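Take any residue in the sequence shown, note its place counting from 1, add 7, and you have its number in this note's numbering. Yeah, the Cβ is synthetic: ideal placement off N, Cα and C, and Gly gets one too. Bear in mind the structure is a predicted one, so any value in this text is a computation, not a measurement.
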Amino acid sequence: MAMEDKNTPVQPDAVEATETRGRKVGAARFFELLGRDLWPFYKASILCVLGFAPGYAAVLFSTMAASLPLCLLSGAVGGLIAAPVFCGMLDTILRALRDEPGYWWHTYRMAWKQNWRESLLPGAGAGFCLGLWAFLLYALPDLENVPISVWICMVLGIFFLLVFCLYLFAQVVLVSVSQAERLKNAALFMIGFLPRTLAAGAVLCIYWGVMLAWMPYTIPVVLILGFWLPCTLALQIIYPALDKAFHLEKTITARREDEINDLMEQHGHTSV
């Protein structure tokens, strides 16, 4: 599988990042990331909330109007709007997980320019599926004698859809492959790394289930925790799978070594 690394070069004045083998793990790693990158996470998350707001409002209106076509259209268009900012936030988190230095606004803009076109089709597809799920969730309570199996399918559907989208959009940020290849990879990741898939899905479903169930009372919480908290936890869980598939750490390490060598050569020429 031919892939092209999409990450922009690190800043040459900040190449002293922590190496993979010396990193903390689990909760210690999470709080280490918060101590260092909380402000970039928050800024990227606020932009993400703003990007998702139009689609959420349109889908909510469509479900209340009981219009399935309008709900599907709202979801698809909302996904088109939200996908670029969602990829921008994922790029911010993934750079933090790789301990990749750089100035946030510079790297965010670069990631946005690189990924916005490729994110549109997955965004529209994901929004369409979420719109359909939201319409069914709103309509089912009005039906009589809905089997418990239907509700189980609804829960499992959103569970795996959220994780599938996370795998999918992480690829938009990380590598240049065809859309069909991304879909195949996301499905293979879900099956091949099932324990991580289940753990990441649990994080996403519990968080968004609570936020949406108590909306609008949870709006202040969403403005503070937004997308960064669940996505950071979920990406921390699935990151080893992404690294194993795409050799992210090897690529970053090789790039840093090349940049250090270039800096040393430039310093040597300057001294001469």
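**Classification of residue 197 by the beta-carbon crowding that lies within 10 angstroms, buried from 16 upward** = buried
**Request:** Quick one: using the 10 Å Cβ neighbour count with 16 as the cut-off for buried, is residue 170 buried or exposed?
**Result:** buried
**Message:** For residue 98 and residue 80, I'd like the C-alpha separation in whole angstroms.
**Reply:** 27 Å
**Asked** Does the separation of the CB atoms of residue 130 and residue 190 fall below 8 Å?
**Response** no
**Request:** Could you tell me the distance, in whole angstroms, from the CA atom of residue 127 to the CA atom of residue 91?
**Result:** 7 Å
**Asked** What are the start and end residues of the alpha helix (DSSP H) that includes residue 91?
**Response** 75-104
**Message:** By the three-class DSSP mapping on this structure, what secondary structure does residue 117 have?
**Reply:** helix
**Message:** Using 8 Å as the cut-off, can you tell me whether the segment 222-233 makes contact with the segment 153-165, which would need three or more C-beta pairs spanning the two stretches below that distance?
**Reply:** no
**Request:** Return the Cβ separation of residue 104 and residue 243 in integer angstroms, given the expectation that the two are a contact with Cβ distance under 8 Å.
**Result:** 6 Å
**Message:** If we require 4 or more residues per run, which alpha helix (DSSP H) segments fall completely within the segment 203-249?
**Reply:** 226-232
**Message:** Could you tell me the alpha carbon to alpha carbon distance between residue 178 and residue 199, rounded to whole angstroms?
**Reply:** 16 Å
**Prompt:** Among 73, 96, 68 and 145, which has the Cα closest to the Cα of residue 53?
**Reply:** 96
**Message:** Rounded to whole angstroms, what is the Cα-Cα separation between residue 260 and residue 254?
**Reply:** 10 Å
**Prompt:** Where does the unbroken alpha helix (DSSP H) through residue 43 begin, and where does it stop?
**Reply:** 33-71
**Request:** State the DSSP-derived secondary structure class of residue 154, mapped to helix, strand or coil.
**Result:** coil
**Asked** So, is residue 69 buried or exposed, given that buried needs 16 or more other C-beta atoms within 10 angstroms?
**Response** buried
**Asked** Could you give the C-beta distance for residue 85 and residue 56, rounded to a whole number, given that I count them as a contact under 8 Å?
**Response** About 13 Å separates the two Cβ atoms, so there is no contact after all.
**Request:** Use the C-beta contact count for residue 149: other C-beta atoms within 10 angstroms, 16 or more gives buried, fewer gives exposed.
**Result:** exposed
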